[in-house]
Each structure stands twice: as structure tokens, then as C-alpha cells.
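No gaps in the numbering here: position 371 of the first sequence is 384 in our numbering, and each next residue is one more. Beta carbons: idealized from backbone N, C-alpha and C, even for Gly.
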Amino acid sequence: MAESPITARSQDFATWYQDVVLQGDMAEPAEIVKGCMVIKANGYAVWELLQRKLDDRFKATGHQNMYFPLLIPQSFLQKEAEHVEGFSPELAVVTVAGGKQLEEPYVIRPTSETIIGHFFAKWIKSWRDLPLLLNQWANIVRWELRTRMFLRTTEFLWQEGHTAHATHEEAQAEVLRMLDVYADVAENVMAMPVIKGLKTQAERFAGALRTYSIEAMMQNGFALQSGTSHDLGQNFGKAFDVQFQNKEGQLDYVWQTSWGVSTRLIGGLIMSHSDDKGLVLPPKLAPTKAVLVPIFRKDEEKEKVLEAAHRIAKEVGAKVDDREAQSPGAKFFHWERRGVPVVLELGPRDLASGNIVLKRRDTGTKDPVPQAELAARLPAVLAEMQQSMYDTAKQRLKANTVLANSIEEVESLLKDVTAEKGGGKFVMAHVKDAAESDLRMKEFKATVRCIPLVDEYDGPGKCIVTGETVDRRVVVAKAY
RNA sequence: CGGGGAGUGGCUCAGCCUGGUAGAGCACCUGGUUCGGGACCAGGGGGUCGGAGGUUCAAAUCCUCUCUCCCCGACCA
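Here it is, written out as C-alpha cells:
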């Protein structure tokens, strides 16, 4: 495959993103299926690592995996009023199967609350059946009009957790526990700092009482909603008649939660760390942590270098790039744009000195390391990269977060921000969760991303749109 | 659905205005010299120009119709 130049971030951030996805062997547009993509080897390997990190944590918090049907009877969606209203426009519907018109069409799942609600009703009879804690890894279809690889595609991969509880307090605790799991993975695995918060009424999940999210800042200052956790209250319990007998012997509806993250996280990962040379992956999510490029001219050099290369690579767990047809230079570019954290160079010079050259993907620095020390040094370097990538992203988030005390100020800060040109900010302002506020911010295409759970600023203040008092500043930004 | 753009070897595109039945770079194949940041030379294979119709001695090029894709907008956990 041709390795084309990568557009600079400063020139056009949106095009840069596409270039990095393509050149990093992460994905390519399917073209033959509208709005869909092919997740390629490197991209899928990152997803597998991410899945593992998430799944381990789901299990550790008591959840079990299950799998439900892809097709959902259309009538199921209609049982919860807000849910059907929210999802109807983006449904794909199967009306013909086996050569016959179906009596009742199926929708391809846009999310599984409804079909899972149906089974909850079957399975839950007593308080002893609760809590029921399950998760599903699945694909989802939502007929979006505007798609971008990983960030919003017609079909995408995700996990959706669904739980049922005897009390609202218990359900609320679950919602926040899983939000914490997401934040932990985002920050400690993806090296992507996030803000945990509550979504506004306008932005909450269709059918939920409350939606919480983690919001991350991309390098263009856009916000990316990276994971959500919903307090569904008894809405779906009532819609699907999920009743249980409590300890007092009375019938009650269950309190449900649902929470999800998707392959969108990979888009966030790319836009958090990558640079003008291509993909940069945090070591914890790099399918290949180190590649060794052997360098030689003459045949006798070749033999010695390759022997040493394979021996050292085996010792430290690196992959040797011993392709004959490529020059070392071409190999450096190849692995660089695929985001491999460490590239090792080994040539005659190194055999003579007993060193090996270690290059870090994040900083681009090259350092000779004694071959004997490499096995000990490599894990330390990878750990340091992981930390340093987080620190850099955190610093950028801080540097691009500003306070504003009037709507005009917010507007002037965000008005001209686009995904292509960048320059986005997280503007912290006092804004009431109200239709009037949403409408005013829509004039310059910004939204309240979330109401942070932890107020790091100055407490209550007057809403810059309505004048009413609100208890803390919220995050206003442009978003994907 | 409104505005804009594009369909030509695997990929990116030139040629179209001023019709004469296809070109470049990359990729690929063969041989040789290279190899510490995208190597070079020589030779070679591969397309009939999104589709349909029309004008013409002659159409990638002009005309008509049509299909598809991309971007911007509206839409969107």
C-alpha cells in the first residue's frame, strides 16, 4: 500500500485525522456501504487491547457477559415514549426476510435496552434475583447522516452494560461506579484525561432519568463524549413490566442502569496523542511495543547483525523487521506512522560498541543503550512514555480551559472554532440547564458538554443566559 | 433535501476548453547495484476513460439523460 504524506494538523485538522487513520493502518472507509468503515489490522488490535482492559474491569465489578439478538421487534422500541422518539430517525428496519414481507418488522439494534428489558421481565421475580449485572459486546447500527471514521459511523462496535437493582440508591451507585471505570481506562490506559459530569436534559439518553459522561478534549479543542452511564430510573422497568417482590412481599419495578463505550474511543485516542508524522499510541494500547530494524551492508555484516537482532529482540519482546526489500529508512517511516512506541536500531556500529539505539515515538529522541541493559530499560521507557503522554494531554486540557462570565464572551471564544481550523476551548461558565440556554448557544454551535461532578472553580453564580443562580460552572464547547 | 466537488490501470491524478480511439507518479513483476531517516538504474505486466443515448468520418474530450461517491449545511448519546 502506498504511504502518502500526512496533512499537518495546523493546515487542516480534519484532513490530518483522516490521513492518520488511513496511514496508521487503523481503518478505511467501506465506500460500498454508506457510512461504514473497515477496521484494519492495527485498529482492530488496539480495539482488542482496549476490550481486554475494559472487560477485566467489568468482571472485577461483578458483571457477566451475555449476548442478545441483533434484531429487535419494532414494537419494543415503541414501549418507551422518549426512547422511540429519540431513536426512530436513525433506525434501519428489516421488513423482508426469507423472501416474505414480515408481519412485524425488526429493527437492527441501535442499543439494547428494550430487548434486554423484555428478558429482565422474564428473569426477575424476587429481590433475590437482584442485582442483575450484565454486559454485552456487540455491533450497533444507527443511520447517521454525517459520518467520520471511528467518531461516528453507521455501524460501530461497543459494549453496553445493563443492570437491574432493587433500589434507586443502588442503581445510582452503579451508574457512578461504571463512570469511574470508564474514567480509569481513559486516563490510565488511554492516557486521555477526561472530565466526569452530568449531561443536560437536552443531551441525556432518550428514556433515561439522568446521563453521566466522560468528556475528553481533542487536539483541536473539540470535546469528545467518550463514554456514558445512564440512570434509567424505573422507565424501562415500567415499559417492560419488570417487577419483583421485595423483602416486604410487595411488588415493585426494578431500577435500571445502562452504560457504554464504543470504537469511538479509538478516534479519541488518535486525536489525543498523534502528531504530524502519524499515529502515536500509548504503550499500554500498542499492539507492537517495539520493533527492531537491523542495518547492514555487506553479507558478513548481515549475518552478524541479524543474529544479534533476533537474539536481542527475543530477549526484550520486540519484533524484528527483517524484510529484505525495504531500506532501513523506509522501515523507520513505516513503523513511525503506525504508532509503534519504540523503534530499535541495530547495525555494525552498535555491534562494535555493544550498544543499541532506542528511539521513542512520542518525543522522537534517540539514545544509545547498552545491549545488556535493554531488557531492563525498555519497560521503564514504556512506562515513562505512558505517563508523559498523559501529562502532555492533561497540560493541553488545562491550557485550553478558560473561564467566561458572559454569553458574549463565550460566543466570541467559540464562534469561529471549526473541526478543521481548531482553536477550540472548554469554556467554564455558569449556565442553567434550560432550553433557553441551549437555544442561545446553538447560535454559535456550542453545547454544554457536562456539569462537572467536581467543581474545581468558584461555586455558585448567575446563569449567563437566564440570570438564575446555578451551583457551579459547566463545560461549554464545540463537540464531535 | 439545499449548496459545492468528483467519477480515467491497484492508488493519487493529468488529458477535456481548442475531438484524431490514453499518459504520469506511486504500487506491482524481473535483474543488478544499494541499505545508520522514504534508494537507484534497466527491462516489464496492467486501463479503453461510472452507465445509457446522441452529434461526428472519428468521442475520455461536445450534447442529453442517468447512477454513484465525497465535502459543507440541516440531523445526531
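Quick check on residue i: does DSSP put it in helix, strand or coil?
i, result
"A110", "strand"
"G480", "coil"
"N259", "coil"
"T414", "strand"
"I19", "coil"
"K332", "strand"
"Y225", "strand"
"L189", "helix"
"R217", "coil"
"A343", "helix"
"K317", "helix"
"M441", "strand"
"T405", "helix"
"V430", "coil"
"M14", "Only weak support exists for where M14 lies, its pLDDT of 36 falling under 50; the coordinates are left without a value."
"P296", "helix"
"G474", "strand"
"V423", "helix"
"R70", "helix"
"L115", "strand"
"D265", "strand"
"G6", "Lying outside 14 to 493, the shown extent of the chain, residue 6 is not represented and no answer is given."
"V120", "strand"
"L352", "What sits at residue 352 in the sequence shown is Gly, not Leu. Coil."
"F253", "coil"
Could you please give the first and the last residue of the uninterrupted beta strand (DSSP E) stretch that includes residue i?
i, result
"V489", "V487 to A490"
"S242", "A236 to G246"
"K209", "V207 to L211"
"R373", "N368 to R373"
"S139", "First-last for S139: undefined, no H or E at that position."
"E469", "Where E469 is concerned, there is no enclosing beta strand (DSSP E), given that its DSSP letter is neither H nor E."
"E358", "V355 to L359"
"A303", "A303 to P307"
"L84", "L84 to P86"
Of all the options the options, which has the alpha carbon lying nearest to the alpha carbon of residue i?
i, options, result
"D254", "E261, M79 and D265", "D265"
"F100", "L90, Y30 and V109", "L90"
"C463", "N152, A229, H76 and E182", "A229"
"E432", "E320, S17, Q114 and D25", "The question names Glu, yet the displayed sequence has Ala at residue 432. When each option's Cα is compared against that of A432, the closest is D25."
"A442", "K92, M284 and G480", "G480"
"H181", "N248, Y403 and I52", "N248"
"A388", "G330, V370 and D197", "G330"
"K47", "G280, M162 and L189", "M162"
"F8", "L67, S88, S271 and G112", "Nothing about residue 8 can be read from this structure; the chain reaches only from 14 to 493."
"V483", "W140, D446 and E98", "D446"
"V487", "E95, K317 and V440", "V440"
"E456", "A184, V467 and D429", "D429"
Determine the extent of the alpha helix (DSSP H) in which residue i is found, giving its start and end residues.
i, result
"T127", "E126 to W136"
"V33", "F26 to Q36"
"L452", "A448 to K455"
"A459", "Looking at the DSSP string, A459 is not in any alpha helix (DSSP H), and its letter there is neither H nor E."
"L104", "Here L104 belongs to no alpha helix (DSSP H), and DSSP marks it neither H nor E."
"D284", "A small correction: the amino acid at residue 284 is Met; Asp does not occupy that position in the sequence shown. Element bounds for M284: R277 to H286."
Based on the DSSP output, what are the partners of residue i in its beta bridges?
i, result
"F169", "I153"
"E41", "V51"
"T270", "T176 and D244"
"N78", "N148"
"M230", "A236"
"P381", "V370"
"R390", "According to DSSP, R390 bridges with nothing at all."
"R161", "R165"
"W291", "In the sequence under discussion, the amino acid at residue 291 is Gly, which differs from the Trp named in the question. Per DSSP, D288."
Could you say if the segment 170-188 and the segment 146-155 meet the contact criterion of at least three C-beta pairs nearer than 8 Å? yes
Tell me, please, whether the segment 234-247 touches the segment 295-315 by the rule of three or more beta-carbon pairs shorter than 8 Å. no
Are there three or more Cβ pairs, one per stretch, closer than 8 Å when the segment 305-325 is compared with the segment 333-346? yes
Is the segment 350-363 close to the segment 405-418, with three or more CB pairs under 8 Å? no
Counting pairs of beta carbons, one from the segment 394-410 and one from the segment 418-427, are three or more of them closer than 8 Å? no
Spell out a yes or no on whether the segment 361-373 and the segment 317-333 are touching, meaning 3 or more CB-CB pairs, one atom from each, closer than 8 Å. yes
Answer yes if the segment 222-241 comes into contact with the segment 60-76, meaning at least three C-beta pairs across the two stretches below 8 Å, and no otherwise. no
Do the segment 72-79 and the segment 373-387 meet, that is, are 3 or more Cβ pairs less than 8 Å apart? no
Pairing CB atoms from the segment 207-215 with CB atoms from the segment 453-472, are three or more of them under 8 Å? yes
Within 8 Å, do at least three Cβ pairs link the segment 32-50 to the segment 184-195? no
Do the segment 154-168 and the segment 199-208 touch if we need at least three Cβ pairs shorter than 8 Å? no
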